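Protein chains in written order, with this note's numbering: chain A, 112 to 603; chain B, 41 to 545.
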């Protein structure tokens with residue numbers, strides 16, 4: 112009989128337990144023990160055709176769910192003008208949905224969409240307008256037919272137009288209930304000036320000029336297939352899709368009308384200051400929390416290094432917990448729940464803006480804190496740690512631009528419509544990495560001028576109260592009356 | 041239906057049969073067990089391609105992990121759901137669950153500090169001085185408190201925890217607290233799975249509630265933004281406060297201002313100790329991950345959270361019923377606005393599903409009765425909507441909200457709503473359309489990683505089984521016109537409601 116070698120057995124058991132425990136306890140002790148990885152971004156696959164009228168049609172097959180959706184991006188946006196009637200562009204877009212089509216009255220259109228869980232929506236931004244649809248893929252034929260009618264032959268029903276105007280009156284009256292809305296409008300007013308297309312909110316007076324004729328005129332000039340993109344994805348047959356779209360949209364002709372005017376970009380010099388003090392425009396309202404916007408007009412997108420802009424925004428204050436603004440205003444001082452800042456630029460205009468909200472008696476501290484952050488960036492630039500962190504974060508997060516397969520496919524179109532360079536995505540990581548040893552001090556000084564900075568404060572504080580708590584050698588305060596039509600009051 | 045669709049139906053059903061008709065037990069290693077749990081409930085065909093392949097694992101310590109692989113893009117969404125919300129707060133400590141959520145971003149014993157042992161002493165001193173100052177607010181105590189804070193500032197490395205996430209490519213790092221639960225969410229590149237597991241488990245095991253009193257100031261600002269200056273927020277707070285007498289749903293999740301002024305670090309610690317335990321949490325990961333690897337790592341990282349054997353002590357919660365209308369006018373300078381809240385049952389009562397359909401019938405789409413009659417034809421409303429709040433663990437409210445048209449009083453609009461509810465005919469066609477809309481909404485929600493993770497996580501943390509989504513859908517599908525008529529008669533009555541409205545006079 113073989114003897115069991117106790118020592119050998121014990122050694123084996125102990126060794127087994129040791130090895131097992133090592134493989135089981137694979138827990139890192141520190142973050143640094145877990146190497147940072149990288150991912151391979153797959154190129155988006157899609158099919159594309161360009162129609163003779165200039166419309167680019169893109170299709171992405173997705174068969175995970177029985178759904179279909181599409182976006183039509185039309186070049187232009189409200190930057191192409193508004194025929195002299197504020198808000199006409201956005202209103203016209205809304206009526207392409209609300210007002211029915213050639214073959215569908217507004218009620219019939221509503222019923223079809225609601226009964227079939229489909230949607231048709233519109234919106235207008237500065238650089239482009241968009242119309243979108245969604246629904247079940249089994250209903251695609253009907254949905255795309257209705258969608259094409261909304262684009263090519265909207266009815267602009269009179270009754271619905273009047274209803275929409277009626278509803279807008281209420282919307283206008285509610286602006287004064289929100290400090291952020293007032294601050295945003297007031298900032299545009301003092302920055303661009305009354306009459307500029309960049310300060311052109313709808314008022315009850317301008318609303319009275321909107322009618323069927325104005326809407327039709329705007330539609331004729333602004334809704335064109337030239338430079339437009341139709342991007343559709345869903346669980347439908349590709350060939351069938353292109354056949355239907357070509358049939359429905361080939362007849363869409365470009366017929367520009369003359370009512371659109373080019374946008375103006377004016378820098379307002381109201382209430383001129385005789386000295387170098389920054390002006391704070393104050394709207395005195397009974398809010399527990401004051402909304403603050405600080406900044407000035409800046410460069411257009413085409414005049415900026417877009418990669419430096421992206422890195423600056425991340426490091427300075429746009430959506431990052433690690434940004435200078437967030438760390439100073441929220442983390443260190445606890446002054447605000449939300450704070451953001453950076454460059455906002457389009458093909459036509461640009462601005463540098465910081466926005467935050469804080470209780471009224473800490474407004475002076477918040478203004479001073481923002482001022483000191485600005486001074487620090489202009490004098491010293493960003494720290495090495497800050498820039499390296501922002502570069503790393505930007506590059507690691509780059510993959511999220513392609514997270515949604517449909518959005519990934521839409522990116523080239525959106526990049527073109529926005530005025531970014533066509534190879535923006537291709538160059539992004541390389542260009543961003545190349546900035547890792549810079550401190551962006553020169554760039555910061557190109558885009559921020561302390562002597563141009565103005566502020567808007569909307570809150571429960573008077574001009575004198577505010578000035579008492581600020582350094583009067585650096586600031587002056589001007590009161591702004593903000594009803595539907597703003598006007599300047601006195602300065603201190 | 042074409043032939044292709046029919047054959048796909050058959051193969052899908054077969055797959056469902058294999059995966060969901062049997063209970064599987066799988067021992068992964070000596071430490072933990074994982075179970076693939078099936079339900080005897082059949083997944084509807086439209087969801088099958090999405091749901092097939094979802095795995096749920098329960099670790100030895102009770103921690104649950106749900107995984108759905110999707111390989112469209114090299115990213116994943118990870119959510120941690122904890123079954124603790126404002127309903128679990130002690131009297132006088134409203135806002136503590138939300139503040140605890142804020143604390144979860146402040147780091148751990150290693151992250152966010154240069155010297156934890158020194159910091160720990162200073163934090164204890166801070167707590168003592170705060171206690172002292174609350175009792176006797178004298179200048180000397182304040183001065184000592186400021187000194188301790190100055191020393192703490194030297195030890196803290198502000199924002200280190202969130203910075204680490206961002207540098208790994210995090211997108212949408214966020215969290216939310218509701219009446220019922222707390223949820224943490226993040227999107228990361230697929231290469232950072234172990235990093236997420238490390239960070240998430242570390243902040244569960246070794247959190248440090250630093251910068252508590254400064255963060256309280258931030259929460260006060262958040263309250264001003266969401267409630268004090270917002271007419272809708274004020275109405276909502278008044279609605280819950282008046283509809284839920286003596287019920288934990290009464291307190292706002294952000295906290296009453298007076299409670300916030302008195303919150304202490306120990307209040308957040310109390311909730312953390314009691315509720316942030318492995319059997320009270322579920323992690324959901326959706327995206328470009330390998331399930332096997334993830335399960336192994338989950339065992340390593342989440343498996344080390346100590347098990348707690350004693351069940352959570354629950355307190356009795358009264359019924360939220362009321363037997364008479366309550367009308368609250370909220371004095372506030374703003375345009376007219378209102379909310380009406382009717383008490384309703386929660387899931388699994390099938391009438392909850394009937395009422396879900398009623399939301400859609402009443403208000404969804406421009407051809408719905410509310411939109412068509414009140415907004416378009418009679419022009420008594422500028423806006424009107426239906427919703428449900430504040431939660432699902434207890435009976436919530438069926439809410440109708442809106443704004444009257446210029447020149448129309450709130451009372452007039454409410455009276456029009458009452459008339460409409462009494463006279464409205466509900467047809468089979470309206471009901472079928474509502475069922476279709478709910479289905480499409482859910483399908484659309486499931487199509488994104490965070491959307492799918494939310495559906496799975498919420499149901500699993502509240503009901504213990506993510507598959508409850510389909511049980512609810514079955515209730516929706518089985519609803520008849522008579523069911524709808526019955527719930528209107530039973531619940532949407534004045535004796536069962538609370539109205540709050542803005543009074544700007």
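Glycine is no exception: its CB is placed at the ideal position from the N, C-alpha and C atoms. Computed from a prediction, not measured in an experiment: that's the story for all the values here.
Subject >> Secondary structure, alpha helix (DSSP H): runs of 4+ residues fully inside the region 520-554 of chain A >> reply: 535-544
Item to complete: Could you tell me the boundaries of the alpha helix (DSSP H) in which residue 96 of chain B lies?
Response: From DSSP, residue 96 of chain B is part of no alpha helix (DSSP H) but of the beta strand (DSSP E) over 95-98.
For this session: Would you mind stating whether residue 252 of chain A and residue 229 of chain A have Cβ atoms separated by less than 8 angstroms?
Result: no
Proximity below 8 angstroms, CB of residue 575 of chain A to CB of residue 394 of chain A:
no
> Buried or exposed: which applies to residue 444 of chain B, given that a residue is buried once 16 or more other Cβ atoms fall within 10 Å of its Cβ?
Replying inline: buried
Discussion item. Strictly by DSSP, which residues pair up with residue 211 of chain B?
Written reply: B:227
Find out if the Cβ-Cβ distance for the pair residue 382 of chain B, residue 531 of chain B is shorter than 8 angstroms. yes
- Task: Using alpha carbons as the reference points, say which of A:193, A:411 and A:358 lies closest to residue 459 of chain A.
- Result: A:411
ask   = Within 8 angstroms (strictly less), CB to CB, does residue 507 of chain A reach chain B?
value = yes
Q) Taking the alpha-carbon positions, what's the residue 261 of chain B to residue 464 of chain A distance? A) 21 angstroms
So, using beta-carbon positions, are residue 502 of chain A and residue 469 of chain A closer together than 8 angstroms? no
Next on the checklist: Can you confirm whether the region 158-176 of chain B touches the region 361-377 of chain B when touching is taken to mean that 3 or more C-beta pairs between the two stretches lie within less than 8 angstroms?
Outcome noted: no
Worksheet item: Using the C-alpha atoms, what's the distance from residue 354 of chain A back to residue 77 of chain B?
Response: Reliability fails at residue 77 of chain B, whose pLDDT of 36 lies under 50, so the model's placement of it is uncertain and the value that follows must be treated cautiously. For residue 77 of chain B and residue 354 of chain A, the distance between alpha carbons rounds to 46 angstroms.
For this session: Starting from the Cα of residue 258 of chain A, find the closest Cα among A:174, A:187 and A:356 and give me that residue.
Result: A:356
Open item on the list: Please tell me whether residue 443 of chain B has its Cβ less than 8 angstroms away from any Cβ of chain A.
Closed with: yes
- Query: Between the beta-carbon of residue 350 of chain B and the beta-carbon of residue 249 of chain B, is there less than 8 angstroms?
  - Reply: no
**OP:** Pull up the distance between the alpha-carbon of residue 535 of chain B and that of residue 297 of chain B, whole angstroms please.
**Re:** 30 angstroms
- Query: Rounded to a whole number of angstroms, what is the C-alpha to C-alpha distance between residue 61 of chain B and residue 361 of chain A?
  - Reply: Low confidence applies here, because residue 61 of chain B scores a pLDDT of 33, under 50, leaving its location unreliable; read the following figure in that light. C-alpha separation (whole angstroms): 52 angstroms.
Q. Are the beta-carbon atoms of residue 293 of chain B and residue 142 of chain B separated by less than 8 angstroms?
A. no
- Query: What residues of chain B sit near residue 177 of chain A, judged by a beta carbon separation below 8 angstroms?
  - Reply: 86 and 483
Cβ-based neighbour list, residue 345 of chain B, same chain, cut-off 8 angstroms, excluding 5 preceding and 5 following = 101, 103, 241, 244, 245, 317 and 318
If you measure beta-carbon to beta-carbon, which residues of the region 396-412 of chain B are closer than 9 angstroms to chain A?
404, 405, 406, 407, 408, 411 and 412
Quick check: is the beta carbon of residue 292 of chain B nearer than 8 angstroms to any beta carbon in chain A? no
- Hey, quick one: how far does the alpha helix (DSSP H) through residue 326 of chain A stretch, first residue to last? 323-333
Per DSSP, cross-strand counterpart(s) of residue 602 of chain A
A:589
Could you give the uninterrupted runs of the alpha helix (DSSP H) lying entirely in the region 286-325 of chain B, keeping only those of 4 residues or more?
297-302 and 305-315
*Report back the beta-carbon spacing between residue 212 of chain A and residue 220 of chain A to the nearest angstrom; my notes put them in contact at under 8 angstroms.*
6 angstroms
ask   = Residues of chain A with CB under 8 angstroms from residue 235 of chain B, in chain order?
value = 142, 145 and 147
Whose C-alpha, out of A:419, A:210, A:318 and A:475, is nearest the C-alpha of residue 572 of chain A?
-> A:475
Using only the alpha-carbon positions, how far apart do residue 233 of chain B and residue 329 of chain B sit? 8 angstroms
(message) Against chain B, with Cβ distances strictly below 8 angstroms, would residue 469 of chain A count as a contact?
(response) yes
Any chain C beta carbon closer than 8 angstroms to residue 260 of chain A: No chain C is present in this structure, whose protein chains are A and B.
Using the beta-carbon of each residue, which ones in chain A are nearer than 9 angstroms to residue 449 of chain B?
-> Here the premise fails: no neighbours, minimum Cβ distance about 14 angstroms.
Does chain B have any CB closer than 8 angstroms to the CB of residue 514 of chain A? yes
Taking only beta-carbon atoms, is residue 344 of chain B less than 8 angstroms away from chain A?
-> yes
- [ ] Measuring only between beta-carbons, confirm whether residue 540 of chain A sits less than 8 angstroms from chain B.
- [x] no
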